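A.B. asks: Okay, handing you the structure first.
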Amino acid sequence: MQLQRLLEILEHEGPRPTEELATRLGCSTQEVEEALAEARRRGWLLRYSALINWEKLDVPRVFAFIEVEATPEHGTGFDHLADYIGRFEEVHSVYLMSGRADLTVVVQGTDFREIARFVAEKLAPTPGVKATATSFVLKTYKMEGELLTDQPGNSRLAVSP
Amino acid sequence: MSKRRNCMVNEQVAAMPPSGIRRFFDLVQEMEEVISLGVGEPDFPTPWKICDAAVDAMRHGRTSYTSNAGLLELREAIAEDLYRRYGVQYDPATEIMITAGVSEGMDVAMRVLLNRGDEVIVPQPCYVSYMPCVELAGGCAVPLQTSEQNEFKLLPDALSAAVTERTRALVIGYPNNPTGAVMSRADLLPIAKLADRHDLVVISDEIYAHLTYNGSHTCFASLPGMKERTLLLNGFSKAYAMTGWRLGYACGPAEVIEAMVRIHGYTALCSSIIAQFGALEALRNCEAEMRAMVQAYDERRRMFVKGLNDIGLPCFEPKGAFYAFPSIRSTGLASDEFARRLLFEEKVAVVPGTAFGASGEGFVRCTYATGMDQLKEALDRIARFLERLRH
Ligand SMILES: Cc1ncc(COP(=O)(O)O)c(C=O)c1O
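Line by line, the protein sequences are chains A and B.
Residue numbers for the first sequence, in numbering that gives the first Met the number 0: 0 to 160.
Residue numbers for the second sequence, in numbering that gives the first Met the number 0: 0 to 390.
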C-alpha cells in the first residue's frame, strides 16, 4: 500500500471512490479503507476541500499576509500566541517563520477595511505582539500548486501514431 | 520534347499505402465532442524546466548548427544515463548520435544497414514506420505475427522459422506500440542467442523504456555480446512528453554510427540545437517530473484495463507504454468496422489494430495517456456501444 501516493491523490483530486483508489494503487479496497481510517485517526488526513478561484467570481474576498514580531514565552516559545491568533475566524493560516518576523498570519476578509479593523482591534493589541506589517494580496497567480494564469489549450491531434 | 512520365512520384512511393492511422485521423477531424483514445503521445505538457532551458539557450544566442552528431555534452549525458540505468557503455564521441526522434533514427539506420534485397524481420503488431523504412531503404520487410496468447512477445521458435539466407536484421520495439507488451531479460536472452547464431543486426526501438510498469526495462544492448550487433534507438518524445521537439538518439557500433552521421549530415545536417538543450535539461534535472508522469500512466493503466475487462472487452495486461489493446472478437466486428462504428455511434476514437499489422485484426488500440475522467467516460460509452451490439 503506497500510503504517500494515496494521500497525494486525495490532495490533488479530492475524494475518489474506494474501488478506483484500490485499482489505481494495485491493492484491495479493504486496504484502502484501512489506510483512510488510519489517516483520519492519526490526523494526517484533515478534510477534503475544493480549490475555488474566487477572483473569477464577483464574490468579494481579500487576503493579507501579516508579518508579526512577537515576544516568546519561556518554555513554550510562540506556541500559545500562535494558537490564540489562530482561533479568530478571520485567520486563514498561521506559520512560525525563520527570518525577520516571528509569525506570518494569513488573514481573509471581504474587504480591506475589514482586515484593517481586525489588525488594529484584535491582532496588534494582543499581549505578546510587538509589531505587525500587513501586505494585501492584489492578484493571485498560483495557489495550492494550481496555476491561475491562462493556459494554452491542448494541441494534441485526435489520432496519431 | 522529352518524354513525360505519367506520374511525378517515384513508383515505389506511389505504391506505398498511407498509414491506417492517417485514414482514421481524417474521419475524426470532422467530428466534435470526440473522446480520443487514438493518440500516440502524452497528455502532459513538457516539464517547464525543459522549456525554460530551451528558451534560455535561445536567449544566450545558442541558435547555431551543432556538429552533425549533435552536442557532445548531450551525447555525454546520454552515455551516462544509459550506463546508470542499464550498465551499457557507449562512447559519446563515436557511438552516439542525435536524431530528429526515433523516426529519423529508424530511417537512417535502415539506409545504412541494408543492401538491396536484404530481409528484415519485423514482429507485428508494431509501430507503423518500421516496414516502410525497410522498404524505402531497398530492403525486404518480413512481417512476423505475434499473438495475444503469447502476450505479443517475439518467440525464439517463430524467429528461427522466419530467418533465411537473406535475413540481415531484426527490429524489436518493446515496450510495444500498440500492444503494451514488454519483453523481460529472460524473454530476450534466447532472441540474443539467435541473433548471434544467424549474425543478425538488432534494431531496438526502446522509446517506451521508462514507461515500464511493475518491473524494469531490459536494454537489448545490455545482454551479453549484444552491444556489437545492436542499434539502440531512443528519444525524448514519450518519457519526457517532448513529442513536438523532435529529438532522439541512436547508439551503436562506431562504424554504423559514423555512416549514419554521414547521411544525417547530408540530409538533416544536425538536430535542432534548441531541442538539444532542452533534452540536456531533461536528462540532468527531470527524473522526478518523469517519474510522476509514469506514476500517473500506471494508475490510469490499472483503472482502464480493469474497466475494459469489466465491460466485456478482454484485455491482456499491458506492462509498458501507454496503450491497452483489448480484443473485440466477441463483438463479431472487424477492427476497422468496430473503430468506425464506435466513433460514429459513441464518439470515442480508437485505432483499429490492423493499422499495426495483420495480427492486429480483432483488436483496437486505446491510449490511456488521457485524463482519468475522460477514460471513465470513454468506458461508459464503450459499454453502451457493446450493450447495443448485443441486442
Ligand atoms: C514505438 C514507437 N517508435 C517511435 C515513435 C516515434 O518517436 P519519435 O517521436 O522519437 O520520432 C513512436 C511514436 O509514436 C513509437 O510509438
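Built from N, CA and C at the ideal position, the CB exists for glycine as well.
Predicted model only: the values in this text are computed from it and were never measured.
Of the choices Glu-205/B, Met-109/B, Thr-211/B, whose alpha-carbon is the least far from that of Glu-316/B?
C.D. replies: Of the candidates Glu-205/B, Met-109/B, Thr-211/B, the one whose C-alpha sits nearest the C-alpha of Glu-316/B is Thr-211/B.
A.B. asks: When burial is assigned at 16 or more other CB atoms within 10 Å of the CB, is Val-111/A buried or exposed?
C.D. replies: The sequence given here places Phe at residue 111/A; Val does not occur at that position. Looking at its Cβ environment, which holds fewer than 16 other Cβ atoms inside 10 Å, Phe-111/A is exposed.
A.B. asks: Is it buried or exposed for Gly-42/A, if we count other Cβ within 10 angstroms and need 16 for buried?
C.D. replies: exposed
A.B. asks: At a threshold of 8 Å, does Ala-320/B count as lining ligand 1 (C-beta to nearest heavy atom)?
C.D. replies: yes
A.B. asks: So who's on the other strand from Cys-139/B, going by DSSP bridges?
C.D. replies: Glu-118/B
A.B. asks: Where does Cys-6/B land, buried or exposed, given buried means 16+ other C-beta within 10 angstroms?
C.D. replies: exposed
A.B. asks: State the DSSP-derived secondary structure class of Gly-74/A, mapped to helix, strand or coil.
C.D. replies: coil
A.B. asks: If you check the beta carbons only, do Pro-124/B and Gly-319/B fall under 9 Å apart?
C.D. replies: no
A.B. asks: Helix, strand or coil for Pro-189/B per DSSP?
C.D. replies: helix
A.B. asks: Would you check if the distance between the CB atom of Ile-34/B and the CB atom of Leu-112/B is smaller than 9 Å?
C.D. replies: For Ile-34/B and Leu-112/B, no; Cβs fall outside 9 Å.
A.B. asks: Whose C-beta lies closer than 8 Å to the C-beta of Val-61/A among residues of the same chain, with five residues either side of it excluded?
C.D. replies: By the criterion of a C-beta distance shorter than 8 Å, Val-61/A is surrounded in its chain by Gln-107, Gly-108, Thr-109, Asp-110, Phe-111, Glu-113, Ile-114, Phe-135, Val-136, once the five residues flanking it on both sides are discounted.
A.B. asks: Take Phe-117/A and list the residues in its own chain whose beta-carbon comes closer than 8 Å to its own, dropping the five residues that flank it on each side.
C.D. replies: Phe-87, Glu-89, Val-106, Gly-108
A.B. asks: Looking at the secondary structure, which residues open and close the alpha helix (DSSP H) in which Arg-338/B lies?
C.D. replies: According to the sequence displayed, residue 338/B carries Ala and not Arg. 334-345 is the extent of the alpha helix (DSSP H) around Ala-338/B.
A.B. asks: Is it buried or exposed for Thr-65/B, if we count other Cβ within 10 angstroms and need 16 for buried?
C.D. replies: buried
A.B. asks: Please report the distance separating the alpha-carbon of Ser-128/B from that of Arg-283/B.
C.D. replies: 30 Å
A.B. asks: When every heavy atom of ligand 1 is checked, does at least one fall within less than 8 Å of the C-beta of Asp-195/B?
C.D. replies: no
A.B. asks: Give the residues of chain B in contact with Gly-25/A, contact being defined as C-beta atoms less than 7 Å apart.
C.D. replies: Arg-301
A.B. asks: Tell me whether the region 50-60 of chain B and the region 9-18 of chain B touch, counting them as touching only if at least three CB pairs, one residue from each stretch, are closer than 8 Å.
C.D. replies: no
A.B. asks: With a threshold of 8 Å, are at least 3 pairs of Cβ atoms found where one atom belongs to the region 294-306 of chain B and the other to the region 149-158 of chain B?
C.D. replies: Taking one beta carbon from each stretch, the region 294-306 of chain B and the region 149-158 of chain B have fewer than 3 pairs nearer than 8 Å; the two do not touch.
A.B. asks: So Glu-40/B contacts chain A; which residues on that side make the cut at Cβ distance below 8 Å?
C.D. replies: Arg-155, Ser-159
A.B. asks: Let me know the beta strand (DSSP E) ranges lying completely inside the region 63-98 of chain B, each 3 residues or longer, listed in chain order.
C.D. replies: 95-98
A.B. asks: For Asn-176/B, which option in Asp-372/B, Val-363/B, Thr-369/B has the closest C-alpha, if you only look at C-alpha atoms?
C.D. replies: Proximity to Asn-176/B across Asp-372/B, Val-363/B, Thr-369/B peaks at Val-363/B, based on C-alpha coordinates.
A.B. asks: Exposed or buried, which one is Leu-187/B when buried takes at least 16 other CB atoms within 10 Å?
C.D. replies: buried
A.B. asks: Quickly, what does DSSP pair Val-104/A with across the bridge? List them, please.
C.D. replies: Note: Val-104/A sits in a beta bridge opposite Ile-65/A, Val-93/A.
A.B. asks: Following a CB-centred definition, is Gly-356/B positioned closer than 8 Å to any heavy atom of ligand 1?
C.D. replies: no
A.B. asks: Sorted by chain position, which residues of the same chain lie with C-beta nearer than 8 Å to Leu-385/B's C-beta, five sequence neighbours on each side aside?
C.D. replies: Closer than 8 Å at the Cβ level, and outside the excluded window around Leu-385/B, lie Ile-310, Gly-311, Leu-312, Thr-330.
A.B. asks: Can a CB atom of chain A be found closer than 9 Å to the CB of Asn-176/B?
C.D. replies: yes
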